[in-house]
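Note that numbering that gives the first Met the number 0 gives residue 103 to position 104 of the sequence shown, counting from 1, and the numbers run on in steps of one.
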Amino acid sequence: MKNPHILLLSLSLPTPPLETVFVGGLPSGAIEAIKAAYGVIVQILDPPRDGFNLTLKLNLSKLPQDEDQRHTLLVKIASVREVVLGAPLRVILKHLASRTVAPDIDQFVALVHRPNESFFLVPQAEKVTVVFPMRFKDSIDTVLATSFLQEFMESRRTAGLSNAPPCLWSQTPPLELKGVTDDALSANAGFVTFVILPRHVEGRKLDRTVWNLSTFHAYVNYHVKSTLSITASFVCRDFVCYTEVAVEIIVASLP
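In structure tokens:
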């Protein structure tokens with residue numbers, strides 16, 4: 000008889016580009032990140048189920064009794080993809096918080112976040128530069144994303160966000176990406192650069208910064224799709240109004 004408290008969760012990750020480094024089918028530090036995030040509730044199965052990079056065995060009977068803690072952990076379980084893909088980013092930003100550099104880890108690194116696409120980290124003792132080549136398949140999405148990113152940069156400058164990480168957008172690759180292959184730099188909506196300082200990853204800020212960076216492309220894509228949806232609704236409304244007027248004219252002209 001199956002245990003109703005046991006749940007298997009399997010994860011398939013995006014195909015990593017050539018410039019990224021996976022160990023055993025997972026990003027560096029992923030196993031440690033999973034153990035730190037979920038504790039005794041999760042067991043990592045080795046090998047994973049066929050066709051997947053990772054399989055977790057969840058023991059739901061070990062969920063916290065407190066309602067808020069239970070909800071927080073369940074949300075974190077639903078975000079396992081970001082926990083795994085963001086593992087190398089978390090390690091590097093933890094070193095930044097302590098203002099240390101590990102020569103064997105804190106090097107120029109590419110992190111996969113979409114199939115065959117990556118973003119880049121340039122770690123230093125006093126800052127970590129994060130660069131996103133912004134790619135979109137649809138030409139309309141590309142135009143909207145470019146416009147959104149330009150407005151995003153402008154609003155950050157005018158809003159007086161002095162505590163937020165410095166952020167730049169450019170049409171061409173920044174100097175930090177010198178030497179990266181042309182395929183990795185095939186961005187059609189420009190490049191976004193964040194400069195993360197120690198104060199941005201102190202204490203509880205670390206989790207928020209890792210999450211925001213890991214989901215940045217999805218954040219931009221969400222706003223692009225929202226703009227398309229709003230535009231389509233306006234076009235549809237105008238079309239309906241035009242059609243109603245046309246019908247009234249036609250009816251009025253009938254004998």
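Every residue, glycine too, gets a C-beta built ideally from N, C-alpha and C.
1. Taking the alpha-carbon positions, what's the L184 to Q68 distance?
2. Looking at the secondary structure, which residues open and close the alpha helix (DSSP H) in which I76 lies?
3. Leaving out the 5 sequence neighbours to the left and right, which residues in its chain are closer than 7 angstroms to G85 when beta-carbon positions are compared?
4. What is the residue span of the alpha helix (DSSP H) that K93 lies within?
5. Kindly identify the DSSP beta-bridge partner or partners of W168.
6. Where do the ends of the alpha helix (DSSP H) carrying A29 lie?
7. Thinking just about the alpha-carbon of each residue, which of G28, L57 and V20 is nearest to the one in G38?
8. Can you name, in chain order, every residue of its own chain whose Cβ lies under 6 angstroms from the Cβ of F233, other than the five neighbours on each side?
9. Can you have a look at D140 and say buried or exposed, based on whether 16 or more other CB atoms are within 10 angstroms of its CB?
10. Classify S117 as buried or exposed, calling it buried when 16 or more other Cβ atoms lie within 10 Å of its own Cβ.
11. Tell me whether N220 sits in a helix, a strand or coil according to DSSP, three-state version.
12. Please list, in chain order, all residues of the same chain as A231 whose beta carbon is under 8 angstroms from its beta carbon, the five residues on each side excluded.
To lay it out plainly:
1. 42 angstroms
2. E66 to A77
3. V209 and S213
4. A86 to A96
5. V191
6. A29 to Y37
7. L57
8. Annotation note: pLDDT 46 at F233 (below 50); position unreliable, no value reported.
9. buried
10. buried
11. helix
12. Only weak support is given to the placement of A231: the predicted model assigns it a pLDDT of 48, under 50, and the value that follows is read from those uncertain coordinates. Result list for A231: empty, nothing under 8 angstroms.
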